[in-house]
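All the letters of the sequence shown, read from the start, carry residue numbers 1 to 306 under the UniProt record's numbering.
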Amino acid sequence: MPLYGRRLFHLNEDDVKDNNEQEQIYTIEHTGETFHSQKLYENVKKAYELDRWTCECTWRAGLTHKDASQSEIETRKSLSTIVPSYYHKIIFDIVHHSVKPLEKLAEEASIVLGQSFVIGEPVQFKKRKDTNVVKGTIERIEENDDQRKRTSERASAQARLISDKQMKNVKYAIRLSDEDRVLSNVQPNELQRSSLIPNREKLKTFIRSYAFRLGNRADSPWIFYDDLIKDKYEIKERIPSETIEEYKKAMTITLDEIIREQERILRKQTEEQEAQSSPNKKSDDNHTNLVRSKLIVIMAFYSENQ
């Protein structure tokens, strides 16, 4: 849902049928929202027509709600192609409750994705007995130190920078694409990516599409638009929910606040127009008085001559 400026929008009014009004449904065409109250519908419609909305995915500002919504729809259609699903978990782990700015988040995600392979990622590698290149998928990640095999869920949660020493202690289990078997203890240097990791611009688009930063302060955290992401990907909380709610409250604007804001703007514009017209009116009055004075003098002159 589009942002109002850089704030979350919350429809705070109850949709109650207006007094003495026949039962009727009012619909916002581009969102499909329905209302029983004509007054509420008209207020929402007026708010949506303002060019104050921002596309969540691109941060394009100065749009109407309809244009911002359309921008989000078009951008989200491409998300599956710009950032494959096997990267989602690791990126979400990095983003959730981080206080880093967008540029730093994209940089960190790029480094983490670039230094290792992730569960579910398609790869190419050479079999040890010959030089044939075969295709496969990362089944799991194995650690040399104690030969502990981590499951895909635990391995994909490793959203952190790892050292060169740790890299040497990591091996992979690969499920072959053309055979129903898994090869274990595959060295990282035996593997090649089937496709490049997303560049930082694509990562920024992905992050913006799923997450929102609660302010511009150094300690402002990121949250997901959809809380179901935390459950689906088992994302751990880093900040108490009470603190997050305080941040959200400060970064949320209601329909009432938008309406009052527009009323203040209208009053100010009216006052400015009246202030501008007032000097002109005085100038016109002075000019009229001057003309009248001249006419009186001329008439007096002719009267004396006669």
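All C-beta atoms, glycine included, are put in the ideal place defined by N, C-alpha and C. These numbers come from a predicted model, not from an experiment.
Terminal residues of the alpha helix (DSSP H) in which residue i lies
{"i": "residue 190", "result": "Residue 190 -> no alpha helix (DSSP H), and no H or E assigned at all."}
{"i": "residue 243", "result": "241–250"}
{"i": "residue 86", "result": "Counting along the chain, residue 86 falls outside any alpha helix (DSSP H), and DSSP gives it neither H nor E."}
{"i": "residue 110", "result": "102–115"}
{"i": "residue 178", "result": "From DSSP, residue 178 is part of no alpha helix (DSSP H); its letter is neither H nor E."}
Selection from the options that minimises the alpha carbon distance to residue i
{"i": "residue 209", "options": "49, 224, 122 and 195", "result": "224"}
{"i": "residue 69", "options": "262, 29 and 98", "result": "29"}
{"i": "residue 93", "options": "77, 103 and 112", "result": "112"}
{"i": "residue 88", "options": "106, 38, 250 and 257", "result": "106"}
{"i": "residue 215", "options": "267, 261 and 244", "result": "244"}
{"i": "residue 176", "options": "212, 213, 134 and 206", "result": "134"}
{"i": "residue 179", "options": "202, 33, 137 and 54", "result": "137"}
{"i": "residue 103", "options": "207, 261 and 266", "result": "207"}
First through last residue of the beta strand (DSSP E) which encompasses residue i
{"i": "residue 126", "result": "122–126"}
{"i": "residue 47", "result": "Element bounds for residue 47: not the beta strand (DSSP E) but the alpha helix (DSSP H), 38–49."}
{"i": "residue 224", "result": "222–224"}
{"i": "residue 211", "result": "211–213"}
Residue i (DSSP reduced to helix, strand or coil)
{"i": "residue 65", "result": "helix"}
{"i": "residue 237", "result": "coil"}
{"i": "residue 30", "result": "coil"}
{"i": "residue 137", "result": "strand"}
{"i": "residue 8", "result": "strand"}
{"i": "residue 170", "result": "strand"}
{"i": "residue 75", "result": "helix"}
{"i": "residue 3", "result": "strand"}
{"i": "residue 13", "result": "coil"}
{"i": "residue 254", "result": "strand"}
Separation of residue j from residue i, as counted between CA atoms
{"i": "residue 273", "j": "residue 259", "result": "21 Å"}
{"i": "residue 139", "j": "residue 26", "result": "52 Å"}
{"i": "residue 5", "j": "residue 190", "result": "49 Å"}
{"i": "residue 271", "j": "residue 263", "result": "12 Å"}
{"i": "residue 118", "j": "residue 108", "result": "15 Å"}
{"i": "residue 181", "j": "residue 230", "result": "32 Å"}
{"i": "residue 40", "j": "residue 193", "result": "54 Å"}
{"i": "residue 15", "j": "residue 35", "result": "6 Å"}
{"i": "residue 49", "j": "residue 65", "result": "6 Å"}
{"i": "residue 268", "j": "residue 256", "result": "18 Å"}
{"i": "residue 62", "j": "residue 52", "result": "5 Å"}
{"i": "residue 122", "j": "residue 186", "result": "14 Å"}
{"i": "residue 237", "j": "residue 227", "result": "11 Å"}
{"i": "residue 7", "j": "residue 248", "result": "9 Å"}
{"i": "residue 56", "j": "residue 142", "result": "38 Å"}
{"i": "residue 2", "j": "residue 72", "result": "8 Å"}
{"i": "residue 254", "j": "residue 10", "result": "5 Å"}
{"i": "residue 202", "j": "residue 120", "result": "20 Å"}
{"i": "residue 43", "j": "residue 22", "result": "19 Å"}
{"i": "residue 169", "j": "residue 60", "result": "44 Å"}
{"i": "residue 173", "j": "residue 188", "result": "10 Å"}
Between the region 73–90 and the region 195–213, can you find at least three pairs of beta-carbon atoms closer than 8 Å? The answer is yes - the region 73–90 touches the region 195–213, with three or more Cβ pairs under 8 Å.
> At a cut of 8 Å, does the region 85–102 reach the region 211–219 through at least three beta carbon pairs?
Replying inline: Of all C-beta pairs linking the region 85–102 to the region 211–219, three or more are shorter than 8 Å, placing the two stretches in contact.
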